[in-house]
Amino acid sequence: MLVIVGSRREGNSYNLGQKIKSACDAERIHCEIIVPGNQKIHLCTGCMDCDKNGVCDFTDDMKDNIEKIKKENLIVMITPTRWNLLSGDLKLFMDRLNPLYTTKELKDKKLIVVAIAAKKKELYSSEATISSLISFAESAQMKVVLKEEFNECLNANDILNQEEKVNNLISNIKKEALKD
Ligand SMILES: Cc1cc2nc3c(=O)[nH]c(=O)nc-3n(C[C@H](O)[C@H](O)[C@H](O)COP(=O)(O)O)c2cc1C
């Protein structure tokens, strides 16, 4: 599986990504983390050239990312909630996946979406974030097989206080990986 971490700080999204990877490594389940914010990725110009041939004109880290995505059936997207939405880093990554929209190479891949927020659940901030990820999946014709929200995570390690929820999620993610 590929885990896309939508925050570049070594915070909650990163911590969760690392925990997923360690758990997968222990059971020899293939798992690779991509942090778009730490890569060289140009902003999509909207030129639409990729609509013609499924190829982006830019040569940057998305070339490699796209090759990796093509090979994987299970993608996990973890994003901090920002203004009730997904992070800009993750949105930029999604925009640059447009070459795969044209060729329908995202279609039917499994997607797991995770939103992390500082606010409490009843304020619906992370719910809106999850909705934005699900909308992406619908547009890409991917299948959302799991979704999870973590709330009350303001500081970088706050998610580690929600151990049971983290472990449940990881266990369900591994089950999805083993179905393939
Ligand atoms: C620009 C910005 C906007 C944010 N907007 C929200 C928000 O709308 N709702 C919320 O609950 N938390 C918001 N937060 C807090 C982050 O979601 C929270 O700290 C999260 O744990 C960060 O994840 P990270 O540690 O992986 O970076 C915002 C943080 C930043 C930097």
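Count along the sequence shown from 1, then add 317; that gives the number in the numbering used here. Beta carbons: idealized from backbone N, C-alpha and C, even for Gly.
Alpha carbons only, please: which of the options is nearest the one belonging to residue i?
i	options	result
Val352	Glu344, Ser404, Glu466, Ala434	Ser404
Asn474	Ile451, Phe453, Leu333	Leu333
Val393	Glu455, Ser339, Glu349	Glu349
Lys436	Ser456, Val461, Met459, Phe467	Phe467
Tyr418	Lys464, Ser443, Ile451, Gly371	Gly371
Asp374	Lys496, Ala457, Pro416, Ala432	Pro416
Would you tell me roughly how many angstroms separate the C-alpha atoms of residue i and residue j, rounded to the nearest one?
i	j	result
Asn288	Ile358	In the structure as shown, the chain starts at 318 and stops at 497, and residue 288 therefore has no counterpart that could be examined.
Glu481	Thr396	20 Å
Ser449	His347	27 Å
Arg345	Ser339	10 Å
Lys385	Gln479	31 Å
Leu414	Glu493	23 Å
Cys367	Lys491	34 Å
Met379	Leu423	15 Å
Lys464	Leu319	16 Å
Leu477	Leu495	25 Å
Glu389	Tyr331	20 Å
Between residue i and residue j, how many whole angstroms is the CB-CB distance? I'm expecting something under 8 Å.
i	j	result
Asp406	Gly354	4 Å
Val462	Leu428	7 Å
Thr398	Ile433	6 Å
So who's on the other strand from residue i, going by DSSP bridges?
i	result
Leu463	Ile429
Thr396	Ala432
Ile350	Val320
Leu391	Lys427
Leu402	Arg399
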